[in-house]
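A short worksheet on the structure shown next.
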Amino acid sequence: MRSWSPYALLVVAAIALDQWIKHLVETGLAFQEKLDLVPFLALFRTYNTGIAFSMFSSFGDTGLIVISLAVVAFVLFLATRIAPSQILARTGFALIVGGALGNLIDRAVYGHVIDYILFHTPVWSFAVFNLADAFISVGAALVVFDELFGWRREPKPSNAKSSKD
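Here the sequence shown stands for residues 79 to 243, where the numbers follow our numbering.
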């Protein structure tokens, strides 16, 4: 069985990088003032009091912390159910947990999640998000990709007849 150590390190690295960037954003970026980096990407510090696109903001901090902890526990449960050879899925689960815990830290410390990445055009903009959200999205994509293409890992049934006929 392969060790969980590399995945635990990935979780810690994701949390550390997320929290470090959020600290830089909090200390160096004006609140709700767009800073264009390229024509379609800007930094825009804002706060999310809900989960993913501000859903469930009416649950309050405690409710959202409980939901977040339940999701992390469920993802960890799923991660223990996969084969050691499923490296993409294990990496994906580690990114999901790291991202979820990064946002959970924000919610527990500040009462909201710090968001700062804005994709936009002159007539459209995507919801503002953060690196932890990106970790969660990429992690989920890795898990789905691993499951969709996992059939290649499964042994093929042997239809060969015995030579003792």
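The beta-carbon is built from N, C-alpha and C at its ideal position, and this holds for glycine as well.
Alpha carbon to alpha carbon, what distance is there between residue j and residue i?
i       : j       : result
Ile-143 : Ser-135 : 11 Å
Thr-169 : Tyr-125 : 28 Å
Ala-218 : Val-116 : 27 Å
Pro-162 : Tyr-85  : 11 Å
Leu-121 : Lys-112 : 6 Å
Phe-63  : Val-153 : The question about residue 63 has no answer, for the chain in this structure spans 79 to 243.
His-245 : Leu-107 : Because the chain here runs from 79 to 243, residue 245 falls outside it and cannot be looked at.
Ala-178 : Leu-102 : 19 Å
Val-175 : Ser-81  : 17 Å
Phe-227 : Leu-182 : 31 Å
Val-150 : Arg-123 : 26 Å
Glu-225 : Gln-164 : 9 Å
Phe-204 : Leu-220 : 22 Å
Going by other Cβ atoms of all chains shown within 10 Å of its Cβ, with 16 needed for buried, is residue i buried or exposed?
i       : result
Phe-155 : exposed
Asp-263 : Outside the displayed span of the chain (79 to 243) sits residue 263, for which this structure offers no information.
Phe-207 : buried
Gln-110 : exposed
Met-79  : Low confidence applies to Met-79: its pLDDT is 42, below 50, so where it sits in the model is not reliable enough to give any reading.
Asp-114 : exposed
Gly-138 : exposed
Leu-87  : exposed
Leu-173 : buried
Tyr-194 : buried
Ala-186 : exposed
In the DSSP assignment, find the unbroken alpha helix (DSSP H) run with residue i in it and report its ends.
i       : result
Leu-87  : 83-106
Val-175 : 165-188
Val-149 : 138-158
Ser-135 : No alpha helix (DSSP H) contains Ser-135, which DSSP labels as neither H nor E.
Gly-217 : 209-226
With respect to the beta strand (DSSP E) encompassing residue i, which residues constitute its N-terminal and C-terminal limits?
i       : result
Ala-120 : 119-126
Val-116 : 113-116
Report yes if the C-beta of residue i is less than 7 Å from at least one heavy atom of the ligand PLP; otherwise report no.
i       : result
Ile-174 : This structure does not include the ligand PLP; it has no bound ligands of any sort.
Mind checking who residue i pairs with in its DSSP beta bridge?
i       : result
Ile-192 : Tyr-125
Ser-246 : An answer regarding residue 246 cannot be provided, because it is not within the stretch 79 to 243 covered by the chain.
Phe-109 : Arg-123
Quiz item: Are three or more beta carbon pairs between the segment 204-224 and the segment 88-106 nearer than 8 Å?
Solution: The answer is yes - the segment 88-106 touches the segment 204-224, with three or more Cβ pairs under 8 Å.
Using a Cβ distance threshold of 8 Å, determine whether the segment 160-175 contacts the segment 186-205, with at least three qualifying pairs required.
By the Cβ criterion, the segment 160-175 is not in contact with the segment 186-205, since fewer than three pairs of Cβ atoms, one from each stretch, lie closer than 8 Å.
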